[in-house]
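Here's the structure we're looking at; comments come further down.
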Amino acid sequence: MAFRIATFFLLLSAGGVAGFQAWGHVGADIGVALAAGAWFLFDLLRGLRVTRWLRRGDAVEPPRMGGLWGEVGDRARRALRKRDQERLQAEDRLQAFLAAIQASPNGVVLLDAAGHIEWCNQTAAEHLGFDVARDHMQLVGNLVRDPGFTAYYAGNDYSGDVVVPGRGSTASRSRRISIQLHPYGEGRRLLLSRDVTALEQAETMRRDFVANVSHEIRTPLTVLSGFVETLQTLPLDEAERLRYLGMMSQQAHRMQSLVNDLLTLSRLEGSPAPGMTEWVALEQIMAQCESEARGLTETLGKHQELLFGPVPAVSVAVSQTELVSAMSNLVSNAIRYTPARKAIDIGWHLLPDGGVQFRVHDAGLGIAPEHIPRLTERFYRVDRSRSRETGGTGLGLAIVKHVAQRHGGELRIVSTVGDGSTFALLLPAARVHQAS
Ligand code: ADP
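So, in structure tokens, the structure goes:
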């Protein structure tokens, strides 16, 4: 600043001196005035350059000049650069924030005060059938037309959620999306969506399961208490008393089998898959299964011809208890659903890929194709009364499927009504090695 004042006065003095030398005293005044004018003009031009540059908003290239205007330009440049950096940082933060919301497993939609979609992530678009670009600033009420959502949106009570059919939902394959609104800012709303299809299915399965178990237990219980009442109130002779006691024992047995199967299933679901440490020879497993099967034909009095084939000389990495229980379930089904004196083939076979399969083939009733995909559902039976008559719980094949899956294998069913059925439990090659 001092330099600026000094140069100003120096210029005035120089103008005064030059004017004085040219025209005397009057010339000195004119020289001072001309010097002042020239100084202001020069200063104005420099000022104009700086303002023009500022108007362009170019933070990189300020006009090159010294003095006060040079400093103004420099400071303005620094301020502009700082502002640009802050804007870039804010932009980066916003992008990172949006990327985080984009990655969210939940759908997120930002609505303005009037209900227009300001922004939504891909998950929300997928849940609700929006097109991120096309539906920008569309009214959400025009896009989600479910009456439940319309009432929820208008109701202004967003303490709970509302469940609507999701994109691609059909009558046979319903997809359920939960939506909850959260007010924020000035009248704005945040819409969160979540796919609850699996949750609702699990809830339905749980309800069905409880209802099924209660029903399965209630039936033998009702029969039992009926018999108890009869024994208490009616004078029965010895033969009749024994007959009633026999039937009671049968019902008690049925309840016991049901509870045992339920416990087996819950153990299978609640424990980690069997490791690869316990190697057992297939022959040993087959021997255990054979003695149980022969015992069962005796108990049921059906006397089928059980044909146990040769067993490959391999060891398998399995849980022996689980595998024997799965095999026994398949054999017991074959015995129970095959008329007396018909043959049942039971055997282990090596597969070309190095795996093994346990196969039970019967020439029994057979199963219609529409039932086959559902046989492994809990309590699913083709013929409810036949299953009960023969002491079935409706859980046997669910157990077999679980055991197969826990060992990385699978259960395959081939059946023709009237011709019989083949049930095969496959174990993968990783769980098989040649017996030493
Ligand atoms: P259950 O205890 O009723 O036998 P499972 O889960 O073992 O229950 O079997 C489910 C249903 O599959 C049975 O009720 C029966 O209708 C059918 N099923 C199973 N095995 C056979 C078979 N070998 N032959 C004919 N039907 C079978």
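0 is the number of the first residue of the sequence shown in numbering that gives the first Met the number 0; add one for each residue after it.
Note that CB positions come from ideal geometry on N, CA and C, so glycine has one too.
Can residue i and residue j be called in contact, C-beta distance under 8 Å?
i	j	result
T392	S256	yes
G72	P62	yes
G365	S414	yes
Y507	L189	A question about residue 507 goes unanswered here, because the residues of the chain that appear run from 0 up to 435.
L230	Q250	no
A333	D352	no
V315	V355	yes
S199	R175	Note that residue 199 is Glu in the sequence shown here, rather than Ser. In this structure, R175 lies closer than 8 Å to E199 by Cβ.
H432	V313	yes
V402	A325	yes
G363	S420	yes
V317	R411	no
L138	G114	yes
M0	L67	yes
H370	R340	no
R187	D111	yes
V25	G14	no
L394	L281	no
L425	E409	yes
L267	I398	yes
P234	R405	no
Can you determine whether any heavy atom of the ligand GDP sits closer than 7 Å to the C-beta of residue i, and answer yes or no?
i	result
R144	Among the ligands present in this structure, namely the ligand ADP, the ligand GDP is not found.
What residue does the alpha helix (DSSP H) around residue i start on, and which one ends it?
i	result
V222	196-232
P146	146-154
V71	66-102
T320	319-335
G18	1-55
L281	281-299
E185	Neither: E185 is in no alpha helix (DSSP H) and is coded neither H nor E.
L396	395-405
V139	139-142
L127	121-127
E388	383-388
Is residue i near the ligand ADP, judged by its Cβ being under 7 Å from some heavy atom?
i	result
R253	no
G391	yes
N503	This structure cannot settle anything about residue 503, because the visible part of the chain is limited to 0 through 435.
N332	yes
A397	yes
I366	yes
V258	no
G417	no
L394	yes
R411	no
D207	no
L374	yes
V323	no
V491	Residue 491 lies beyond the stretch modelled for the chain, which goes from 0 to 435, so this question has no answer here.
V315	no
R380	yes
S386	yes
D352	no
G363	yes
S420	yes
Y151	no
N105	no
N328	yes
Y243	no
Y336	yes
Grab the span of the beta strand (DSSP E) containing residue i for me, first residue to last.
i	result
V108	106-110
S270	It is not in any beta strand (DSSP E) - S270 carries neither H nor E in the DSSP assignment.
V313	313-316
G419	419-426
T375	That residue, T375, is in no beta strand (DSSP E); it is neither H nor E in DSSP.
H115	Segment: none, H115 is in no beta strand (DSSP E) and carries neither H nor E.
R411	409-415
Q356	355-361
L364	Premise fails: L364 is in no beta strand (DSSP E) and is neither H nor E.
P164	161-164
Exercise for the section: Could you say if the segment 302-314 and the segment 368-376 meet the contact criterion of at least three C-beta pairs nearer than 8 Å? Expected result: Because the criterion of three Cβ pairs below 8 Å is not met, the segment 302-314 and the segment 368-376 do not touch.
Practice task
Tell me, please, whether the segment 26-41 touches the segment 2-14 by the rule of three or more beta-carbon pairs shorter than 8 Å.
Solution key: Enough Cβ pairs lie closer than 8 Å, so yes.
Handout entry: Cβ contact check for the segment 99-116 and the segment 76-90: 3 or more pairs under 8 Å
Key = Segment contact: the segment 99-116 against the segment 76-90, fewer than three CB-CB distances shorter than 8 Å; contact not assigned.
Exercise for the section: Evaluate the contact criterion for the segment 212-221 versus the segment 142-157: three or more CB pairs, one atom per stretch, below 8 Å. Expected result: Per the Cβ contact rule, the segment 212-221 is not in contact with the segment 142-157 (fewer than 3 Cβ pairs under 8 Å).
Practice task
Answer yes if the segment 124-134 comes into contact with the segment 161-180, meaning at least three C-beta pairs across the two stretches below 8 Å, and no otherwise.
Solution key: Taking 8 Å as the limit for Cβ pairs, the verdict is that the segment 124-134 does touch the segment 161-180.
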